[in-house]
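Colleague: Top to bottom, those sequences are chains A and B.
Quick note on numbering: the working numbering labels position 260 of the first sequence as 260, and the sequence is numbered without any gaps.
Position in the second sequence counted from 1, then plus 281, gives you the working numbering.
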Amino acid sequence: MASFFQHLRYVLVSNPVTLLAFSLFACMLLVAIFGPALVPYDPLASAPTGALKPPSLQHWFGTDQVGRDVFSRVVVATRLDLLISFSAVALSFFVGTALGAVSGFWGGWTDRILGRLLDTIMAFPLFVLAMGIVAASGNTIENIVIATAIINLPFYARVARAEVAIRRNAGWVQAAKLSGNHDARILFARVVPNILPPMMVQISLNMGWAILNAAGLSFIGLGVRPPTPEWGIMVAEGASYIVSGEWWLALFPGLALMIAVFTFNLMGDGLRDLVDPARRT
Amino acid sequence: MSGPALLSVQQLSVQFRTRRGTVDAVRDVSFSLRKGQTLGIVGESGSGKSVTSYAIMRILDRAGVIASGSAVFGGIRLDQAPEDVMNELRGREISMIFQNPRAALNPIRTAGQQISDVLIEHAQATRTSARQKAIEALRHVQIRNPEERYHAYPFELSGGMCQRIVIAMALACKPQILIADEPTTGLDVTTQRTVMDLIRNLTRDSGMASILITHDLGLAGEYCDTLIVMERGLVVETGQAQDIFLRPQHPYTRKLVKATPHHAQSLRELLPDDGASRPVVAPNASSAEKKAVPLLDVVDLVKAFPRARGLSDWLHRRQPAPFLAVDRIGFQVFPGESVGLVGESGCGKSTTSAMIARLLEPTDGSIWFKGKDISLIRSDQFTQSPMRAQIQMVFQDPTESLNPRATAEQSIADPLIHLLNLSSRNQVRAEVRKLAEQVGLEPELLSRLPHQLSGGQKARVGIARALASRPELLILDEPTAALDVSVQAVVLNLLADLKARLGMSYLFVSHDLEVVRLLCDRVIVMQSGRIVESGPTHQVFHTPQHDYTKTLLAAAPRFLQDTRQ
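1. Could you tell me whether the Cβ of B:H732 comes closer than 9 Å to any Cβ of chain A?
2. Return helix, strand or coil for B:A563, following the three-state DSSP convention.
3. For the ligand GDP, I want to know if B:M511 counts as a neighbour, meaning its beta carbon is within less than 8 Å of at least one of the ligand's heavy atoms.
4. Which bits of chain A does B:R686 rub up against, with CB to CB less than 7 Å?
5. Name, please, each residue of chain B whose Cβ falls closer than 9 Å to the Cβ of A:Q174.
6. Would you list the residues sitting across from A:V235 in a DSSP beta bridge?
7. By Cβ distance below 6 Å, which residues in the same chain neighbour A:D111 in space, the five residues on each side in sequence not counted?
8. Can you tell me whether DSSP reads B:T409 as helix, strand or coil?
9. If the criterion is Cβ atoms closer than 9 Å, does the pair B:A418 and B:L452 meet it?
10. Using a Cβ cut-off of 7 Å, which residues of the stretch 753–768 of chain B contact any Cβ in chain A, in chain order?
11. Look at A:R190 and B:A670 and say whether their C-beta atoms are less than 9 Å apart.
12. DSSP three-state call for A:F264: helix, strand or coil?
13. In the stretch 247–275 of chain A, which residues sit with their C-beta less than 8 Å from some C-beta in chain B, listed in chain order?
14. Can you name the start and end residues of the alpha helix (DSSP H) that B:A352 belongs to?
15. B:Y584 by DSSP, collapsed to three states: which one?
16. Could you check whether the Cβ of B:Q380 sits closer than 9 Å to any Cβ belonging to chain A?
17. Please compile the residues from chain B whose C-beta is within a distance smaller than 7 Å of the C-beta of A:D282.
18. In whole angstroms, what is the alpha-carbon distance linking B:L722 and B:V742?
19. Can you find a C-beta in chain A that's less than 9 Å from the C-beta of B:S491?
20. Assuming the contact rule is C-beta atoms closer than 8 Å, B:G499 and B:T541 should be a hit. Round their C-beta distance to whole Å, please.
21. Under the rule that 16 or more other beta-carbon atoms within 10 Å means buried, what is A:I146, buried or exposed?
22. Could you compute how far the alpha carbon of B:K780 sits from the alpha carbon of B:V720?
23. List the residues of chain B whose Cβ lies closer than 7 Å to the Cβ of A:A170, in chain order.
24. Could you list which residues in chain A have their beta carbon closer than 7 Å to that of B:T664, in chain order?
25. DSSP three-state call for B:E518: helix, strand or coil?
26. Touch check for the stretch 591–600 of chain B and the stretch 395–407 of chain B: three-plus C-beta pairs under 8 Å?
27. What's the C-alpha gap between B:P724 and B:A749?
28. Can you tell which of A:S23, A:T78, A:F61, A:A2 has its C-alpha closest to the C-alpha of A:I33?
29. Taking all protein chains shown into account, do 16 or more other C-beta atoms lie within 10 angstroms of the C-beta of B:P817, making it buried, or fewer, making it exposed?
30. Which value, in whole angstroms, describes the spacing of the CA atoms of B:S567 and B:F612?
31. How would you label A:N181, buried or exposed, when you count the other beta carbons within 10 angstroms and need 16 or more for buried?
32. Is it the case that the Cβ atoms of B:V755 and B:L794 are separated by a distance below 9 Å?
33. Could you tell me whether the stretch 147–163 of chain A touches the stretch 109–127 of chain A, where touching means 3 or more Cβ pairs closer than 8 Å?
34. Do A:V31 and A:V75 come within 9 Å of each other at the CB atom, strictly closer than that value?
35. Within 10 angstroms of the Cβ of B:T824, are there 16 or more other Cβ atoms? Answer buried if so, exposed if not.
36. May I have the straight-line CA-CA distance separating B:L400 from B:F312, to the nearest angstrom?
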């Protein structure tokens, strides 16, 4: 464990971009955990007299059309947005990696059937597929998570399949067979940990997409329903006010969204280095 | 003999910037090369021999810089010349041949086109004449049917052919200096001989100077006039090839010459002097009385790989004849015996060993091990069989055979936990320590990951893991092919000691005849899936019967051929 933290320190110090990304991520986590307790206003409390006020000292990000504090809403929304994207990515990572690893390791008919199945998912316009899933199965947060997970599944499965396939006949896999390990243990306890570095890069890229996807679904009116604070809905609601000059309604939640996606994308290299044993000395 | 130096390197130092500060890869190397001379740079991995040549060609990667010194070619300071001058020189005046010929060729252009490209690039030919000149170049490197081969893609050619194409490309512009960086590593001995003879004849005929970079002392001794021996970036010895072999001055050179098995009579002779005092284990320690019941009896073993069905096969509704990697072979291994299985790449020796190790399903035939036909047990069920512990294997590449995420201790413990079913953590720990001690691995190395270990240490971990389940038959698939000669000497001795102590049988798969000669009691020679000759080691080596065995023996490079008689 101590060596892990030593390695973490090395990864952060050696690459300033990684350090920046990890610090931003830590800030986001803190905001997600403590934000709702610290915000100055109730994110749901409306004040018709103070509607559509531009950013000021009282309301840092201004107020929206019913007088809710935009800053409080942006902060409170962090938890929900991160929760949706984390669980969607975790789901697609576990299921996708397992499917991809199985088809890469055993090949043959398993591979063919799983491969065509994933191709079918990829053949749809992914966002439309997610819309369809949520519209058909009901407008709940769980369904958003599941829909996001399904459309991201093929990406994990493909990377995992390719990475497992090149290691399938490696000397150390043969050696593990000679040491009396059965195939399932070799695959999941030996080979899969070895494909983590490229998977981490996939995760970080995917996390950004997942957050955008969840926000996108809310933007078109699926998924999270108003008045729940959520970045996607806030951008959607604020978009109609941009023409009349109330830019802060859409800008600040959009900025939060952008920073989140940016952070996740930058974290990729750092995460990879963190789980790659060859980077340790 | 003497003449003006074509290339003069003075006090050349190369540094690499790394995560842990600068590393001196090459320190104060000086040498000069005259017209028509062949210079050998010899050393083990990490000695800086390749880096020296990269520095001369100015193809160091970004982290590497020439820190000091000079390299002068025809009045041009190569270490300071601007990039466009170097581009002119590379290929036209100084050419280079790399280790892996397949990687050096562009896979999607034909062999002939690639030679034409070089000719056009250096204005040696026009588009119209390039083809004719390229065919001429192909003929020059003794490729049969050059007109046909012009259109061959690299994947259609064998390793030796690819290396000839690379040589043709390197020599196409008639350079003055040819640098060959391990030109025959990875090629079979017979191919190695033809390629090296070709390089020698071509350079000699055109009066070219050449630099041969190799780890193989035998090869360098046979083909070079002058040798430079390098160790960790320093030149430790320079001299005439004969002198270096007969009267090595530096202790490192002495160690290297000693470790090269070409003239040794026993494995002990390979070790430096301080190791030779240990008791000598005769290679043929197994007595004839033990040979009552064979431990392993391979009968009519066949492995066929199906060929792809072409269009005409579809139309005629026929299956193409399968490719027979192993074609009805049979042999026996007796308890306590070590048997060498030799042959060139593609002869089926590795396929045979994989089938005996039950990693691969045989197509036909049987493998009797201790009176049971283990070929009847499917290979994916064999892991659960009690026989699994008794047949183990040491793999060719020690790096590739260790899980990159597992420490040395975890790798060695794996068979203990899953084959011997040791459950107590302390018991496993104690057993791992014992095995590590057996193979001479320091206990503090056990917590390291593979990339933190050296090649020799990784080889020891692989051997310890194979020994962990106390096997009766150990299959060694070229266990020293990826190791430096001095490490190879130590590992071979370790294997001989372990066999004497634990009474195992070895099936030693190798293309290196010298190693087999020293370690094995009996030799089986394979060619294209068949056994062409077998018999006691000394008999096969001294009175070979089959032509192929004779060719193999003659092809092995040997310095000091005269002293062998």
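All C-beta atoms, glycine included, are put in the ideal place defined by N, C-alpha and C.
Modeller: In short:
1. Mapped onto the second sequence, residue 732 of chain B falls at position 451. Residue contact check for B:H732 against chain A: a CB pair falls below 9 Å.
2. Within the second sequence, residue 563 of chain B is the residue found at index 282, counting from 1. Note on B:A563: pLDDT 47, under 50, position unreliable in the model; the coordinate value appears next. When DSSP states are grouped into helix, strand and coil, B:A563 belongs to the coil group.
3. The ligand GDP is not part of the structure shown, which contains no ligands of any sort.
4. The residue given as residue 686 of chain B occupies position 405 in the second sequence. Going along chain A in sequence order, the residues near B:R686 (Cβ under 7 Å) are P193, N194, P277.
5. Locating residue 174 of chain A in the first sequence gives position 174, where the first residue counts as 1. Going along chain B in sequence order, the residues near A:Q174 (Cβ under 9 Å) are A635, A638, L640, M674, F676, S682.
6. Indexing the first sequence from 1 puts residue 235 of chain A at position 235. Paired residues: none, contrary to the question.
7. On the first sequence, residue 111 of chain A is found 111 positions in, with the first residue counted as 1. So the list reads S103, once near-sequence residues are dropped.
8. Along the second sequence, read from residue 1 onward, the residue named residue 409 of chain B stands at position 128. Judged by DSSP in its simplified three-state form, B:T409 adopts helix.
9. By one-based count along the second sequence, residue 418 of chain B stands at place 137. By one-based count along the second sequence, residue 452 of chain B stands at place 171. Going by C-beta atoms, B:A418 is nearer than 9 Å to B:L452.
10. Against chain A - using a Cβ distance shorter than 7 Å - the stretch 753–768 of chain B contributes no residues.
11. Stepping through the first sequence from its first residue, residue 190 of chain A is reached at position 190. Stepping through the second sequence from its first residue, residue 670 of chain B is reached at position 389. Not in contact: A:R190 and B:A670 (Cβ atoms no closer than 9 Å).
12. Walking along the first sequence from the start, residue 264 of chain A turns up at place 264. Look at A:F264 here: in three-state DSSP terms it is helix.
13. Listed by position, the residues of the stretch 247–275 of chain A near chain B (Cβ gap below 8 Å) amount to none.
14. Here residue 352 of chain B corresponds to residue number 71 of the second sequence, with the count starting at 1. Taken as a continuous stretch (DSSP letters only), B:A352 belongs to no alpha helix (DSSP H), being part of the beta strand (DSSP E) at 345–354.
15. Taking the second sequence and counting its residues from 1, the one referred to as residue 584 of chain B is at position 303. Note that residue 584 of chain B is Lys in the sequence shown, not Tyr. Correct three-state label for B:K584: strand.
16. Counted from its first residue, the second sequence places residue 380 of chain B at position 99. Answer no: the Cβ-Cβ gap between B:Q380 and chain A never drops below 9 Å.
17. Any answer about residue 282 of chain A is impossible in this case: the structure gives chain A only from 1 up to 281.
18. The sequence position of residue 722 of chain B within the second sequence is 441, counting from 1. The sequence position of residue 742 of chain B within the second sequence is 461, counting from 1. Distance between the alpha carbons of B:L722 and B:V742 is about 8 Å.
19. Locating residue 491 of chain B in the second sequence gives position 210, counting from the first residue. Cβ-Cβ to chain A under 9 Å: no for B:S491.
20. Residue mapping note: residue 499 of chain B aligns to position 218 of the second sequence, counting from 1. Residue mapping note: residue 541 of chain B aligns to position 260 of the second sequence, counting from 1. Correct: roughly 6 Å between the Cβ atoms.
21. For the purposes of this step, residue 146 of chain A is taken as the residue at position 146 of the first sequence. Buried, because 16 or more other Cβ atoms sit within 10 Å of the Cβ of A:I146.
22. Position 499 of the second sequence, counting from 1, holds the residue named residue 780 of chain B. Position 439 of the second sequence, counting from 1, holds the residue named residue 720 of chain B. Whole-angstrom Cα-Cα distance: 12 Å.
23. Here residue 170 of chain A is taken as the residue at index 170 of the first sequence, counted from 1. Simply E681.
24. Indexing the second sequence from 1 puts residue 664 of chain B at position 383. By Cβ distance, chain A contributes K177, G180, N181, H182.
25. Walking along the second sequence from the start, residue 518 of chain B turns up at place 237. In this structure, DSSP gives B:E518 an extended state, which the three-state scheme calls strand.
26. Contact between the stretch 591–600 of chain B and the stretch 395–407 of chain B is absent, because fewer than three Cβ pairs lie under 8 Å.
27. As a position in the second sequence, residue 724 of chain B is number 443, starting the count at 1. As a position in the second sequence, residue 749 of chain B is number 468, starting the count at 1. For B:P724 and B:A749, the distance between alpha carbons rounds to 16 Å.
28. In the first sequence, counting from the first residue as 1, residue 33 of chain A sits at position 33. Out of A:S23, A:T78, A:F61, A:A2, A:T78 has the C-alpha closest to the C-alpha of A:I33.
29. Sequence index remark: in the second sequence, residue 817 of chain B carries index 536 (1-based). It is exposed - the Cβ of B:P817 has fewer than 16 other Cβ atoms within 10 Å.
30. The residue given as residue 567 of chain B occupies position 286 in the second sequence. The residue given as residue 612 of chain B occupies position 331 in the second sequence. Summary for B:S567: the model assigns pLDDT 46, below 50, so the residue's position carries little reliability, and this model does not support an answer.
31. On the first sequence, residue 181 of chain A is found 181 positions in, with the first residue counted as 1. Only buried fits A:N181, as 16 or more other CB atoms lie within 10 angstroms of its CB.
32. The residue labelled residue 755 of chain B in the question sits at position 474 within the second sequence. The residue labelled residue 794 of chain B in the question sits at position 513 within the second sequence. What sits at residue 755 of chain B in the sequence shown is Leu, not Val. Contact: no.
33. Three or more beta-carbon pairs drawn from the stretch 147–163 of chain A and the stretch 109–127 of chain A are found closer than 8 Å, and the two stretches are therefore classed as touching.
34. Numbered from 1 along the first sequence, position 75 holds the residue referred to as residue 75 of chain A. Numbered from 1 along the first sequence, position 31 holds the residue referred to as residue 31 of chain A. A contact, by the Cβ cut-off of 9 Å.
35. Taking the first residue of the second sequence as position 1, residue 824 of chain B is located at position 543. Flag for B:T824 reads exposed.
36. In the second sequence, counting from the first residue as 1, residue 400 of chain B sits at position 119. In the second sequence, counting from the first residue as 1, residue 312 of chain B sits at position 31. Separation of B:L400 and B:F312 (C-alpha to C-alpha, rounded to the nearest whole angstrom) is 31 Å.
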